[in-house]
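Protein chains in written order, with the working numbering: chain G, 841 to 1068; chain Y, 1118 to 1424.
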């Protein structure tokens, strides 16, 4: 379970990222964080992945307070978290397979386990046939699916995705959301920050709407613009 | 850290040198230049110290004894001197020995009947009757003054003959060369550190996305840092090879040349052998290149680990 209590983040220069936020996300939930640019979606994700620490308040993940973690423990936290970015962040000089296996190499997983886990992750995102391709040889949607495979190859209990369809056309966006939905159905908590109305409206998942760093709406099976 | 991971990090570090080929080459070259200057400075400092040390050993003072001082009294003083920690060694010269020494010095090896006859006459009436003395050699040139003071307090000592200026000049010259040498060496280390840090900074910049991803995936700081430290150490060590070769052969040839062509210099000054120089210089080069490489890398990557 992820729990934010009274979380405030004020950046240098007195800009408020999130303001006295209270939010609870149960294990296995699929949550959309929606809102305009600057509403606090990315700040919230960065707080969860411990890229930022809150100015005030507490964040616990599975009962562990993460705001005061030491650097070494931050690495441990992130091993239990898959992160997907809008710009994919693949390594251009490595194949699709190598990009996914890289995630396991850096956390020193034994080779035998890597050989077993990587094909399974690529199969889940439907990219087994492209494993030997370089990132510049595949489409944007496929690159994002590679990034998702990299995020889930270690079977993390939580996946955080920051605008995963931001650079994709509607058809590829649809495919990405299907992949994330499939991952969620395996029991993984999925939190997606987006301002893609179409996919939010279509998927009918929990929607947390942020405005100026404040939650203005939290609805189960909601749409992008639902009223309370 | 697993052995496989270590191997990967070392391989990555090695690849890094080629990834930034030109920048690495520039760093290796400049580090080599710094180390060559450092090597030359080291040779100079060590030889000056060696020279000063050997001069200090010969920089004796002579305590002339009062007329009528018995040999027992003289030997008693000599023993007192030898018990002092600042005295290296002493030599008691009786008036007879002083005369024989003088005669030997004056006549040398030349056999001359007239001179022999003349000197023979004087043997029975030693003109250096008052020249019984003790030669005292200090451990260090700067100890000379305290020994002179001690000798002047002795009743049986008539006069102490020494060169105050020479000892002081030698001591301060030795110190000056050492301090200037150390300052120069520290400055060169700083330059080398700056250069390696810059090269690694470029390497880190090129791989910033990779580092960023590694951090998000959950790599520890140590894991991210290691390839860059390895790269820095490789650059440092490669930069040390050329100076080792140049200093070794350069110094050896120069000393050889001085010994063969300028024997007038080498009768006055003895140089340290190339092996003696390298015994001191090799560990300095190795430790410096590894340290400078590692520290330079750590400085460069620190900022990128804060993700």
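Think of the CB as a built atom: it goes at the ideal place given N, C-alpha and C, for glycine as much as any other residue. Just so you know, these numbers come straight off a predicted model, no measurement behind them.
Any idea what DSSP makes of residue i, helix, strand or coil?
i, result
"residue 1009(G)", "coil"
"residue 916(G)", "helix"
"residue 1014(G)", "helix"
"residue 862(G)", "strand"
"residue 959(G)", "helix"
"residue 1276(Y)", "strand"
"residue 1421(Y)", "helix"
"residue 1070(G)", "Nothing about residue 1070(G) can be reported from this structure: the residues present for chain G run from 841 to 1068 only."
"residue 946(G)", "coil"
"residue 1178(Y)", "strand"
"residue 852(G)", "coil"
"residue 1059(G)", "strand"
"residue 841(G)", "coil"
"residue 925(G)", "coil"
"residue 1263(Y)", "helix"
"residue 906(G)", "coil"
"residue 1068(G)", "Reliability of the predicted coordinates at residue 1068(G) is poor, the pLDDT of 49 falling under 50, and no value is obtained from them."
"residue 1316(Y)", "helix"
"residue 1255(Y)", "strand"
"residue 1125(Y)", "helix"
So with CB distances below 7 Å, who are the chain Y contacts of residue i?
i, result
"residue 915(G)", "1335, 1336 and 1337"
"residue 911(G)", "1338"
I want to check one thing, is the minimum distance from the CB of residue i to the heavy atoms of the ligand NAP below 6 Å?
i, result
"residue 848(G)", "The ligand NAP is not among the ligands present in this structure, which contains no ligands whatsoever."
Which residues in chain G sit within 8 Å of residue i, going by Cβ to Cβ distance?
i, result
"residue 1326(Y)", "929 and 931"
Can you find a C-beta in chain Y that's less than 7 Å from the C-beta of residue i?
i, result
"residue 946(G)", "yes"
"residue 923(G)", "yes"
"residue 918(G)", "yes"
"residue 960(G)", "no"
"residue 1068(G)", "Residue placement at residue 1068(G) is flagged as unreliable, the pLDDT there being 49, under the threshold of 50; the coordinate-derived value follows with that caveat. Taking Cβ atoms only, chain Y never reaches closer than 7 Å to residue 1068(G), which makes this a no."
"residue 943(G)", "yes"
If we ignore side chains and look at the alpha-carbon of each, how far apart do residue i and residue j end up?
i, j, result
"residue 1421(Y)", "residue 1053(G)", "28 Å"
"residue 986(G)", "residue 994(G)", "14 Å"
"residue 963(G)", "residue 971(G)", "10 Å"
"residue 1191(Y)", "residue 1209(Y)", "7 Å"
"residue 1123(Y)", "residue 1130(Y)", "10 Å"
"residue 1010(G)", "residue 872(G)", "17 Å"
"residue 1068(G)", "residue 1132(Y)", "At residue 1068(G) the pLDDT is 49, less than 50, meaning the model places this residue with poor confidence; the figure from the coordinates comes in the next sentence. Cα to Cα, residue 1068(G) sits roughly 58 Å from residue 1132(Y)."
"residue 1254(Y)", "residue 1372(Y)", "29 Å"
"residue 1125(Y)", "residue 943(G)", "14 Å"
"residue 1423(Y)", "residue 893(G)", "12 Å"
"residue 1059(G)", "residue 870(G)", "12 Å"
"residue 1361(Y)", "residue 1165(Y)", "21 Å"
"residue 1380(Y)", "residue 1398(Y)", "27 Å"
"residue 853(G)", "residue 880(G)", "16 Å"
"residue 992(G)", "residue 1145(Y)", "42 Å"
"residue 1303(Y)", "residue 1296(Y)", "11 Å"
For residue i and chain G, any beta-carbon pair shorter than 7 Å?
i, result
"residue 1119(Y)", "yes"
"residue 1331(Y)", "yes"
Can you check which of these residues, the options, is closest to residue i by C-alpha distance?
i, options, result
"residue 965(G)", "1015(G), 919(G) and 1060(G)", "1015(G)"
"residue 1152(Y)", "1196(Y), 1328(Y), 1248(Y) and 1406(Y)", "1406(Y)"
"residue 1318(Y)", "1184(Y), 1417(Y) and 1216(Y)", "1417(Y)"
"residue 1309(Y)", "1167(Y), 1172(Y), 1413(Y) and 1335(Y)", "1413(Y)"
"residue 1351(Y)", "1197(Y), 1121(Y), 1138(Y) and 1119(Y)", "1138(Y)"
"residue 1189(Y)", "1250(Y), 1169(Y) and 1178(Y)", "1250(Y)"
"residue 1029(G)", "920(G), 861(G) and 926(G)", "920(G)"
"residue 975(G)", "928(G), 1007(G) and 958(G)", "928(G)"
"residue 850(G)", "1017(G), 884(G), 1058(G) and 916(G)", "884(G)"
"residue 907(G)", "913(G), 862(G) and 898(G)", "898(G)"
"residue 891(G)", "875(G), 915(G) and 877(G)", "915(G)"
"residue 933(G)", "904(G), 977(G) and 968(G)", "977(G)"
Just to make sure I have the definition right: I need the residues of chain C whose C-beta is within less than 7 Å of the C-beta of residue i. Which are they?
i, result
"residue 1340(Y)", "Here chain C cannot be found, since the structure's protein chains are G and Y."
Along chain G, in chain order, which residues have C-beta atoms closer than 7 Å to that of residue i?
i, result
"residue 1122(Y)", "948"
Counting only Cβ pairs nearer than 8 Å, list the residues of chain Y close to residue i.
i, result
"residue 889(G)", "1333"
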